[in-house]
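Here the working numbering is used: the first residue of the sequence shown is 7, the next is one more, and so on.
Below: the structure, in structure tokens.
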Amino acid sequence: MSSIPVIAQSAGPGAARWAARRRGRATGGANRRPGWVTYAILAVVLLIAVYPLYYTLQLASSDAVSIARNPIPSLVPEGNLFANIAEVLGGRVPFGKAFVNSMIISVSAAVSVVAFSTLAGFSFAKLRYRGRGPLLVFVIATMAVPTQLGIVPMFILFTELGWANNLIGVIVPAMVSAFGVFWMTQYLDQALPYELIEAARVDGASMIRTFWHVALPAARPAAAMLGLFTFVQHWVAFFWPFIILTSNNPTLPMAVQLLQANYFTDYSLVMAGVLVTTFPLLILFVVAGRQLVSGIMAGAVKG
């Protein structure tokens, strides 16, 4: 029970307000409720963040003639949304195959990155062996190398291996992430105490069993966040799939690009394709948003 009502009953409302201010100063204002200014700023940020999606919806519900006449549509969406989506899904571009390809690539990349990054993070954070520090520095240094530098050697290598125009040519380079290794190393270094590992080892658990029953449950919030970000990253990836795959075997971003004709671009169909591509991500964030926020907050606190 809070002490403020007791002070208000025994010493009056003035003493209660003084005690509340004193407790707020002692806690650094952590328990203070946000004011209307905070809510106003959050509302403005929300409108700025949502408007590009709403603008996409407006264009997707219009038609080519209306967009050519007025590139900035009215605030109210028009009535061609479902007709445009149906034309996109049933048109010349294989959107169904692109959806399946993007799902296979994104799920495979998310699962493999979480598995390998958690294993490597546990090794770097909690195991002691020669060369651990330089090896971790080397892994982190690879994040400074631009991806474009490896495109030509990778394309030659994958063509020699017969992986051109094959999904495995997109999945293999995405199986490990230097950022994922760094993220899980930092998280497990703070979240997993050595005492738990030593207790498991004293009880006779092998290192693999210690990782499975001790390290993996502790890493769950950060692993969930890493998996979600990896899924989104490869769901919207365009550059490498556009190089290694062909138009007969596209991903969703490639399919949206294929909606543009050579001489005339119907932006209502292109934006309808963007909506079809974005809709699964919105469902993902609605379903897993709480886990994502808890992972980010846990990483911020532990980091």
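Ideal Cβ placement from N, Cα and C applies to all residues, glycine included.
Predicted, not measured: the structure shown is a model, and the values here were computed from it.
Contacting residues, own chain, Cβ-Cβ under 6 Å from residue i (five flanking each side not counted)
i, result
"M277", "T62, L65 and A66"
"A131", "T191, L194 and D195"
"F217", "F128"
"A126", "V187"
"S112", "F237, H240 and W241"
"A4", "Outside the shown range of the chain, which is 7 to 309, sits residue 4, and nothing can be said about it."
"F122", "V182"
For residue j and residue i, the rounded distance between their alpha carbons
i, j, result
"Q266", "V280", "12 Å"
"P140", "V292", "40 Å"
"L87", "R215", "53 Å"
"I289", "G137", "43 Å"
"G309", "A229", "Residue confidence for G309 is low, a pLDDT of 45 falling below 50, so the modelled location carries little weight and cannot support an answer."
"A70", "A89", "13 Å"
"A224", "T124", "11 Å"
"M260", "Y200", "47 Å"
"Q117", "G233", "Checking the sequence, you will find Val at residue 117 rather than Gln. The alpha-carbon atoms of V117 and G233 are separated by roughly 7 Å."
"A294", "V238", "12 Å"
"V187", "A147", "12 Å"
"V145", "Y135", "16 Å"
"M149", "F185", "7 Å"
"W246", "V43", "44 Å"
"L81", "Y60", "9 Å"
"I47", "R39", "15 Å"
"N310", "E204", "Outside the displayed range of the chain (7 to 309) lies residue 310, so it cannot be described from this structure."
"P227", "F101", "33 Å"
"F164", "A243", "18 Å"
"L142", "V151", "15 Å"
"A197", "L287", "29 Å"
"V220", "V51", "40 Å"
"I73", "Y269", "16 Å"
"D272", "F248", "21 Å"
"I162", "V178", "15 Å"
"L167", "L258", "25 Å"
"W189", "L202", "21 Å"
"A49", "Q154", "38 Å"
"W169", "F235", "26 Å"
"A55", "Y45", "15 Å"
Exposed unless 16 or more other CB atoms sit within 10 angstroms - verdict on residue i
i, result
"M7", "Because M7 sits at a pLDDT of 48, beneath the cut-off of 50, its placement in the model cannot be relied upon, and the following sentence gives the value as read from the coordinates. By the neighbour-count rule (16 or more Cβ atoms within 10 Å), M7 is not buried but exposed."
"P58", "exposed"
"M231", "buried"
"G41", "exposed"
"N76", "exposed"
"S119", "It should be pointed out that residue 119 corresponds to Val in this sequence rather than to Ser. So V119 counts as buried."
"I250", "buried"
"A115", "buried"
"A104", "buried"
"S212", "exposed"
"F285", "exposed"
8 Å CB neighbourhood of residue i in its chain, flanking five on each side removed
i, result
"V262", "V276, G279, V280 and T283"
Cβ shell of residue i (< 7 Å), same chain only, five flanking positions each side left out
i, result
"L310", "Shown here, the chain extends from 7 to 309; a query on residue 310 therefore has no answer."
"I110", "L173"
"S68", "P79, E84, N86 and S274"
"R296", "none"
"L222", "T124"
"L329", "Here the chain has residues from 7 to 309 only, and residue 329 is not among them."
- prompt: Just checking, does the stretch 173 to 181 make contact with the stretch 207 to 216 on the three C-beta pairs under 8 Å criterion?
  reply: no
query: On the three-pair Cβ rule with 8 Å, is the stretch 91 to 106 touching the stretch 145 to 163?
result: no
query: Quick one: complete alpha helix (DSSP H) runs, 4+ long, within the stretch 84 to 141?
result: 87 to 95 and 101 to 132
task: Would you mind listing the alpha helix (DSSP H) stretches within the stretch 197 to 259 that are 4+ residues and don't spill past its ends, in chain order?
output: Fully enclosed alpha helix (DSSP H) runs of 4 or longer: 200 to 208, 213 to 216, 226 to 241 and 245 to 250.
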